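There are 2 protein chains.
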Amino acid sequence: MRLADLQTPCLVLDRAVLTRNIARMNARAKELGVTLRPHMKTAKSAEVARRVHGGKAGPITVSTLAEAEYFAKHGFTDIVYAVGISPDKLDRAAKLMAGGVDLKILTDEVGVAQAIAERGKALGVKFRTLIEIETGGERAGVLPASVELDAIGKILDDAGMLAGVLAHAGHSYGADGISEIQEIAEDERAGVVAAAERLRAQGRKADIVSVGSTPTALYGKHLAGVTEMRPGNFVFFDLFQTGIGSCEIGDVAVGVLTTITSHRIARKQILLDAGALALSKDTGANRHMDAGFGLLRPATGELPDKPLAILDVHQEHGIASYARGLDQVDPFPYADYPVGGRLVVLPNHVCMTAAMYDRYHVVDGSDEIIDVWDRVNGW
Amino acid sequence: MRLADLQTPCLVLDRAVLTRNIARMNARAKELGVTLRPHMKTAKSAEVARRVHGGKAGPITVSTLAEAEYFAKHGFTDIVYAVGISPDKLDRAAKLMAGGVDLKILTDEVGVAQAIAERGKALGVKFRTLIEIETGGERAGVLPASVELDAIGKILDDAGMLAGVLAHAGHSYGADGISEIQEIAEDERAGVVAAAERLRAQGRKADIVSVGSTPTALYGKHLAGVTEMRPGNFVFFDLFQTGIGSCEIGDVAVGVLTTITSHRIARKQILLDAGALALSKDTGANRHMDAGFGLLRPATGELPDKPLAILDVHQEHGIASYARGLDQVDPFPYADYPVGGRLVVLPNHVCMTAAMYDRYHVVDGSDEIIDVWDRVNGW
Numbered sequence: 386m387r388l389a390d391l392q393t394p395c396l397v398l399d400r401a402v403l404t405r406n407i408a409r410m411n412a413r414a415k416e417l418g419v420t421l422r423p424h425m426k427t428a429k430s431a432e433v434a435r436r437v438h439g440g441k442a443g444p445i446t447v448s449t450l451a452e453a454e455y456f457a458k459h460g461f462t463d464i465v466y467a468v469g470i471s472p473d474k475l476d477r478a479a480k481l482m483a484g485g486v487d488l489k490i491l492t493d494e495v496g497v498a499q500a501i502a503e504r505g506k507a508l509g510v511k512f513r514t515l516i517e518i519e520t521g522g523e524r525a526g527v528l529p530a531s532v533e534l535d536a537i538g539k540i541l542d543d544a545g546m547l548a549g550v551l552a553h554a555g556h557s558y559g560a561d562g563i564s565e566i567q568e569i570a571e572d573e574r575a576g577v578v579a580a581a582e583r584l585r586a587q588g589r590k591a592d593i594v595s596v597g598s599t600p601t602a603l604y605g606k607h608l609a610g611v612t613e614m615r616p617g618n619f620v621f622f623d624l625f626q627t628g629i630g631s632c633e634i635g636d637v638a639v640g641v642l643t644t645i646t647s648h649r650i651a652r653k654q655i656l657l658d659a660g661a662l663a664l665s666k667d668t669g670a671n672r673h674m675d676a677g678f679g680l681l682r683p684a685t686g687e688l689p690d691k692p693l694a695i696l697d698v699h700q701e702h703g704i705a706s707y708a709r710g711l712d713q714v715d716p717f718p719y720a721d722y723p724v725g726g727r728l729v730v731l732p733n734h735v736c737m738t739a740a741m742y743d744r745y746h747v748v749d750g751s752d753e754i755i756d757v758w759d760r761v762n763g764w
Numbered sequence: 386m387r388l389a390d391l392q393t394p395c396l397v398l399d400r401a402v403l404t405r406n407i408a409r410m411n412a413r414a415k416e417l418g419v420t421l422r423p424h425m426k427t428a429k430s431a432e433v434a435r436r437v438h439g440g441k442a443g444p445i446t447v448s449t450l451a452e453a454e455y456f457a458k459h460g461f462t463d464i465v466y467a468v469g470i471s472p473d474k475l476d477r478a479a480k481l482m483a484g485g486v487d488l489k490i491l492t493d494e495v496g497v498a499q500a501i502a503e504r505g506k507a508l509g510v511k512f513r514t515l516i517e518i519e520t521g522g523e524r525a526g527v528l529p530a531s532v533e534l535d536a537i538g539k540i541l542d543d544a545g546m547l548a549g550v551l552a553h554a555g556h557s558y559g560a561d562g563i564s565e566i567q568e569i570a571e572d573e574r575a576g577v578v579a580a581a582e583r584l585r586a587q588g589r590k591a592d593i594v595s596v597g598s599t600p601t602a603l604y605g606k607h608l609a610g611v612t613e614m615r616p617g618n619f620v621f622f623d624l625f626q627t628g629i630g631s632c633e634i635g636d637v638a639v640g641v642l643t644t645i646t647s648h649r650i651a652r653k654q655i656l657l658d659a660g661a662l663a664l665s666k667d668t669g670a671n672r673h674m675d676a677g678f679g680l681l682r683p684a685t686g687e688l689p690d691k692p693l694a695i696l697d698v699h700q701e702h703g704i705a706s707y708a709r710g711l712d713q714v715d716p717f718p719y720a721d722y723p724v725g726g727r728l729v730v731l732p733n734h735v736c737m738t739a740a741m742y743d744r745y746h747v748v749d750g751s752d753e754i755i756d757v758w759d760r761v762n763g764w
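Rendered as structure tokens:
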């Protein structure tokens, strides 16, 4: 089976690039002296998760209970569900634990902590619960020195359900350059460690001290006091991560294979069968480069010096032309882009793009499909 | 089973609203004297398609071959695949035809027309092919009076594979007000009819003359010369269609059920378990209203006068507060939005949002789940 045999649009994953990305992050975790607990919200694939851990079903992070259930089925037992849980999901979490999963759940809310303690007691389950700490991202979490932290810590500790603290420096995605990422990484580390120490000073245990995000994992200077990190995007990378400096464009491991359906000669464009559903409407990378809805490279090979970009999308149509303006190449070299020809779209934000597919077609530098790996979607 | 028993996020579909929306469009088609061939790219559901046709498997439009295969399996045999086909998909199309489907395919490209004729001959299949006509949308299609139309017409007609012409006035989505929609609808009608007449003047048959888009279907003044229309969004509607005047907000039939996971009191926000994947990153409705990533209504009931909106999304987090500014209500009435409570997000663009789910939970004005309908995704 070769790339030419696939129906498009579909996902293509380069195993050699994936392997290199994983090796880089494992080296970082070793250097920083923490456990690597990859966030599987990006790949959502047991094959990818096992590769992070040298073939074993090691510790992972998930963003949905559907992921937790999928990975449990594939033998993973050490799982952090790193999104604040709602009370109605506790019975599903308990079922996973009854099946042998050491599941850690998360909250930043006194009312939910009470519900966890009460439902755990009713079910006879000791939910292992992390408290989410805000370290600047303004998404979720209690502040490291706050009465909310103390209150949640007391409720969970009294119930024997306090497992530790967790922070996500999601605002590292908004950083301009590596020195700003380093500052955010230190805020994340210092904040979550301060929260753990505050709980300990109150006589409580906080065994797990967890940080995460691909940029801070790559550029943080040290992780003193932290036990684990949870980057996720690093397995694949994308144009956004390229833009903020997490990787080079050659490190992007996943793209969308697409077919040219039409030449729009009067407008110096080509039409592709990868549109809004195939790519997502995420345009985040455009803060850093003229990426449109994705840059185009040949089905095998490197991004050209003067790449095409997807300039507009409809549900099933992508409209592409030169990313940096038509003056780049005039006339448009249609002979290089024949109707029926194949291209790969490098995605703006791979977490959003990959979510539209149920499998990866795995290659290793050539056009041969060496494997097909599934992924889990939904909730 | 009730709304409270569902795991969130998930799709909720109100059957009474759907029924009303369908009746309205059937009345329009009757008034205009054309066949209603609903575009199933929005609902992607056999149950919805059958309801458009009074319980029968009537004529439909699809945006992917995966949809065509799904609907064929559910007994639908009259299908237009209304996205320009790439040559590699012709064998799949032929297989559908061999299974008894009267499939119509589409192109706007001389090279693809040649491939259709050649592959059809090799397979012994008379592909029924429509020529896509551009009537102002600048997406796809050949101009009604163009040498490309003549060339494609000749190739297909010589092969006995010309079925007609098709236009999609997608630019009606950019219209400001109903009179502009009416102008665009007339451009769409006049353009596609002119193309059909040009082909006929060349001695060719153009039996099918097809137009489509929810706004033009609702507001076009007449459809003289047209045989069918292909609106899709109308079954569900959304905030964008509300904004351009296609419907009232009470006509939106589908929403995302979500659970409140946390109170962000310092910022007068609530956190929800519906984020970027649950809603999509489409923000199109904001051209017309302060919709953010979606407006919030109670799990059952109407949109309040001062609704909350999803102001920001992360992959699995939605951050909500007052759509029109915090001065609307200060202090924030947290008692009305308890942790664990349920809300429904009215989507910006339901085609994008529904694509993240594999089923609809059907209600009929109350919180009781009266049915579950599947939908097809992917390619």
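Here the protein sequences line up with chains A and B, keeping their order.
Residues in the first sequence are numbered consecutively from 386, following the numbering used here.
Residues in the second sequence are numbered consecutively from 386, following the numbering used here.
A virtual CB, placed ideally from N, CA and C, is assigned to each residue, including glycine.
Just so it is clear, the structure is predicted and the values come from calculations on it, not from any experiment.
- Bridge partners of A/Gly-677 according to DSSP: A/Ile-695.
- Residue contact check for A/Cys-632 against chain B: no CB pair falls below 8 Å.
- When DSSP assignments are scanned along the stretch 518-603 of chain A, the uninterrupted stretches of beta strand (DSSP E) that are 3 or more residues long and fall wholly within it turn out to be 547-552, 593-596.
- B/Ala-467 and A/Asp-658 have their C-alpha atoms spaced approximately 12 Å apart.
- Of all residues in the stretch 678-695 of chain B, none comes within less than 9 Å of chain A when Cβ atoms are compared.
- Within the same chain, and ignoring the five residues on either side of B/Gly-703 in sequence, the residues whose Cβ sits closer than 6 Å to its Cβ are Leu-657, Ala-659, Gly-660, Ile-695.
- Around B/Val-510, the same chain offers Ala-479, Met-482 as residues with beta carbons nearer than 7 Å, after the five sequence neighbours per side are excluded.
- Between the stretch 557-566 of chain A and the stretch 525-532 of chain A, the count of Cβ pairs shorter than 8 Å is below three; the stretches do not touch.
- The three-state reading of DSSP puts A/Leu-608 in coil, since its state is none of H, G, I, E or B.
- Per DSSP, the beta-bridge partners of A/His-746 are A/Val-397, A/Val-757.
- In this structure, the straight-line span from the alpha carbon of B/Leu-534 to that of B/Phe-512 is close to 18 Å.
- Under a criterion of Cβ atoms nearer than 7 Å, the residues of chain A adjacent to B/Leu-656 are, in order, Gly-469, Ala-525.
- When 8 Å is used as the limit between beta carbons, B/Ile-704 is near these residues of chain A: Arg-524, in chain order.
- DSSP, read as helix, strand or coil, puts A/Gln-626 in helix.
- Pairwise C-beta distances place the stretch 636-649 of chain A out of contact with the stretch 580-597 of chain A, as fewer than three of them are shorter than 8 Å.
- Check the Cα spacing between B/Ala-552 and each of B/Val-578, B/Cys-736, B/Lys-539, B/Asn-733: the tightest is with B/Val-578.
- Within chain B, the residues Arg-524, Gly-555 have their CB atoms less than 7 Å from the CB of A/His-699, given in chain order.
- Ranked by Cα distance from A/Thr-601, the first of A/Gly-750, A/Asp-572, A/Arg-585, A/Phe-621 is A/Asp-572.
- B/Gln-713 is not bridged by DSSP to any residue.
- Residue-level contact check: A/Ala-740 touches chain B, since one or more beta carbons of chain B fall below 8 Å from its beta carbon.
- The distance from the Cβ of B/Gly-549 to that of B/Ala-575 is about 16 Å, inconsistent with a contact at the 8 Å cut-off.
- Distance from the Cα of A/Lys-606 is smallest, within the candidate group A/Ala-401, A/Arg-413, A/Ala-389, A/Val-402, for A/Arg-413.
- Within the same chain, Gly-635, Asp-636, Val-637, Ala-638 come within 8 Å of A/Val-402 by CB-CB distance, once the 5 residues on both sides are set aside.
- Nearest to B/Arg-760 by C-alpha distance, out of B/Glu-454, B/Leu-391, B/His-438, B/Lys-415, is B/Glu-454.
- The CB of A/Thr-644 comes closer than 9 Å to the CB of Ser-471, Pro-472, Asp-473, Lys-474 in chain B, given here in chain order.
- Taking C-beta atoms as the reference points, B/Arg-409 and B/Thr-446 fail to come closer than 8 Å.
- The alpha-carbon separation between B/Thr-643 and A/Pro-716 amounts to approximately 51 Å.
- Within chain A, no C-beta atom comes less than 9 Å from the C-beta of B/Trp-758; the nearest is roughly 16 Å away.
- In this structure B/Val-730 does not touch B/Val-620 by the C-beta definition: roughly 18 Å separates them, more than the 8 Å allowed.
- For A/Ala-586 and A/Ala-544, the gap between their C-alpha atoms comes out near 18 Å.
- Flagged as an interface residue toward chain B: A/Lys-426, by a C-beta distance shorter than 8 Å.
- Ranking B/Val-611, B/Leu-541, B/Ser-647 by CA distance to the CA of A/Ala-498 puts B/Ser-647 first.
- Cα atoms of B/Gly-669 and B/Pro-472: separation of roughly 33 Å, rounded to the nearest angstrom.
- Taking B/Met-674 as the centre and dropping the five residues before and after it, the same chain places the C-beta of Gly-628 closer than 6 Å to its C-beta, in chain order.
- Looking at B/Arg-682, B/Leu-624, B/Pro-692, the one whose alpha-carbon comes closest to that of B/Leu-728 is B/Arg-682.
- Between A/Val-397 and A/His-746 a beta carbon distance of about 5 Å is seen, short of the 8 Å cut, so the two are scored as contacting.
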